[in-house]
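Trainee:
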Amino acid sequence: MLLLTLLALVLLPLCVVGFTVLNARRKTAASGEADSDSQSFAGGVLNALFTVVLAFYIVFAWQNGDDISKASDKEANALIDTHWQVSTAPEPHATTIQSLAAQYAARVADHEWSALDRGETDPETDRLLNSLRAEVLALPADTETLKTAREQSMQNVRQIDEGHRQRVDVATDDQNFNIMLLMASILGGVLMIAYPLIIGLSMRPANVVTMVLLTLTIGFTIFISIELLHPLHGPFGVAPDAFKAALDAFATDTSAGV
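Taking the working numbering, I'd label the letters of the sequence shown as residues 578 to 835.
#1: When the Cα atoms are used, what is the spatial distance from Q736 to M769?
#2: Quick check: what's the CA-CA separation for D825 versus V767?
#3: From S608 to V622, what distance separates their C-alpha atoms?
#4: For A816, which three-state DSSP category applies?
#5: Quick check: what's the CA-CA separation for T792 versus Y634?
#6: From the DSSP output, in three-state form, read off P773 for me.
#7: In the DSSP assignment, the alpha helix (DSSP H) including T749 goes from what residue to what residue?
#8: Identify every run of the beta strand (DSSP E) within the segment 632-686, keeping only runs that are complete inside it and at least 3 residues long; order them along the chain.
#9: Less than 6 Å between C-beta atoms, sequence neighbours within five positions excluded: which residues of the same chain meet that for N733?
#10: Take V745 as the anchor and find which of H810, D694 and A683 has the nearest alpha-carbon.
#11: Is the beta carbon of V630 closer than 8 Å to that of G765?
#12: Quick check on the DSSP output: the alpha helix (DSSP H) that includes L709 runs from which residue to which?
#13: Use the C-beta contact count for I756: other C-beta atoms within 10 angstroms, 16 or more gives buried, fewer gives exposed.
#14: So, for F627: in the same chain, excluding its five sequence neighbours on each side, which residues have a beta-carbon less than 8 Å away from its beta-carbon?
#15: When you compare only the Cα positions, how much space is there between A718 and A726?
#16: So, using beta-carbon positions, are D571 and V747 closer together than 8 Å?
#17: Could you have a look at L791 and say whether DSSP puts it in helix, strand or coil?
#18: Quick one: what does DSSP say L626 is sitting in, helix, strand or coil?
#19: How close, in whole Å, do the beta carbons of L716 and Y681 come, if the pair is a contact with beta carbons under 8 Å?
#20: So, is the C-beta of W661 closer than 8 Å to a C-beta in chain C?
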């Protein structure tokens with residue numbers, strides 16, 4: 578829908594303008610008044626600017642999704658390790674911590690992920706993390722084994738907290754800079770299509786086919802660019818697979834009697 582709106586509101590009117598002035602441009606070219614060298618230079622500059630801005634936007638937008646993915650992996654791995662570390666702790670500490678780890682993973686996958694996609698946070702996830710931290714702090718350290726498990730679990734909780742903060746910060750960022758680059762990329766795409774029409778592109782079949790292919794290519798590129806602006810949904814969005822995998826690991830451990 579967004580791509581169709583873009584085509585209707587921007588590209589089509591520019592095409593109308595281009596074809597409106599086309600005949601006058603042909604006459605100018607035929608009279609020898611057109612400066613083809615200057616036109617080629619201007620077209621090359623537009624092409625270079627569009628390519629550079631689009632490349633910067635794609636790198637920055639893609640980086641957001643990659644950062645979220647890495648933070649999620651760090652959280653999930655720390656949750657799994659905590660689940661294993663406390664398996665030797667006395668009850669009810671072991672069961673409570675393992676249950677909180679599973680609740681945290683389920684809450685992120687089922688609720689917080691969609692909330693972050695809307696630019697919102699989930700206070701329940703923070704509450705579960707705080708409860709997990711408190712339970713790990715309460716672990717006894719009577720033996721060397723329990724002391725090691727407690728220390729490693731505390732380190733895991735810090736990793737979970739760091740990964741969670743990073744993931745939330747990236748997902749809820751206003752992305753003003755990326756939006757500015759996206760708008761510049763869209764403007765550059767429009768100019769790339771409009772410029773050959775305005776300067777007087779001939780109506781030979783080869784030129785028409787070239788313009789159609791150029792329009793489709795740039796339109797598809799802009800569509801992909803818009804989708805990249807949303808790191809948590811769409812064809813390039815990051816899914817909460819790491820947390821679902823952690824839940825599967827917890828379920829396997831439970832069924833195995835761990």
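Think of the CB as a built atom: it goes at the ideal place given N, C-alpha and C, for glycine as much as any other residue.
Mentor: In short:
#1: Position 159 of the sequence shown, counting from 1, holds the residue named residue 736. Position 192 of the sequence shown, counting from 1, holds the residue named residue 769. The alpha-carbon atoms of Q736 and M769 are separated by roughly 47 Å.
#2: For the purposes of this step, residue 825 is identified with residue 248 of the sequence shown, where counting begins at 1. For the purposes of this step, residue 767 is identified with residue 190 of the sequence shown, where counting begins at 1. Roughly 48 Å between the two C-alpha positions.
#3: Residue numbering aside, residue 608 sits at position 31 when the sequence shown is read from its first letter. Residue numbering aside, residue 622 sits at position 45 when the sequence shown is read from its first letter. At S608 the pLDDT is 49, less than 50, meaning the model places this residue with poor confidence; the figure from the coordinates comes in the next sentence. Approximately 26 Å between the Cα atoms of the pair.
#4: Walking along the sequence shown from the start, residue 816 turns up at place 239. DSSP places A816 in coil when its eight states are reduced to three.
#5: One-based indexing of the sequence shown puts residue 792 at position 215. One-based indexing of the sequence shown puts residue 634 at position 57. Linking T792 to Y634 through their CA atoms gives a straight-line distance of about 20 Å.
#6: As a first step, residue 773 must be located in the sequence shown, where it is residue number 196. Shown here, P773 sits in a helix according to DSSP, grouped into three states.
#7: Taking the first residue of the sequence shown as position 1, residue 749 is located at position 172. Residues E721 to T749.
#8: none
#9: Taking the sequence shown and counting its residues from 1, one reaches residue 733 at position 156. The answer, listed in chain order, is A655, D658 and T659.
#10: Along the sequence shown, one-based indexing puts residue 745 at 168. The residue with the shortest Cα to Cα distance from V745 is D694.
#11: Here residue 765 refers to the residue found at position 188 of the sequence shown. Here residue 630 refers to the residue found at position 53 of the sequence shown. A Cβ-Cβ contact shorter than 8 Å links G765 with V630.
#12: What you label residue 709 is simply residue 132 of the sequence shown in a count that begins at 1. Unbroken alpha helix (DSSP H) run through L709: P700 to L714.
#13: Here residue 756 corresponds to residue number 179 of the sequence shown, with the count starting at 1. That one is exposed.
#14: Indexing the sequence shown from 1 puts residue 627 at position 50. Closer than 8 Å at Cβ, skipping near neighbours: S762, G765, G766, L768 and M769.
#15: As a first step, residue 718 must be located in the sequence shown, where it is residue number 141. As a first step, residue 726 must be located in the sequence shown, where it is residue number 149. Using only the alpha carbons, I get a separation of about 8 Å.
#16: Only positions 578 to 835 of the chain appear in the structure, and residue 571 is not among them; the question remains open.
#17: As a working note, residue 791 is residue 214 in the sequence shown. In the structure shown, L791 sits in a helix (DSSP, three-state: H, G or I).
#18: Residue numbering aside, residue 626 sits at position 49 when the sequence shown is read from its first letter. Correct three-state label for L626: helix.
#19: The residue labelled residue 716 in the question sits at position 139 within the sequence shown. The residue labelled residue 681 in the question sits at position 104 within the sequence shown. Distance from L716 to Y681 at the Cβ level is roughly 17 Å; contact not present, criterion being Cβ atoms closer than 8 Å.
#20: Among the chains of the structure shown, chain C does not appear; only one protein chain is present.
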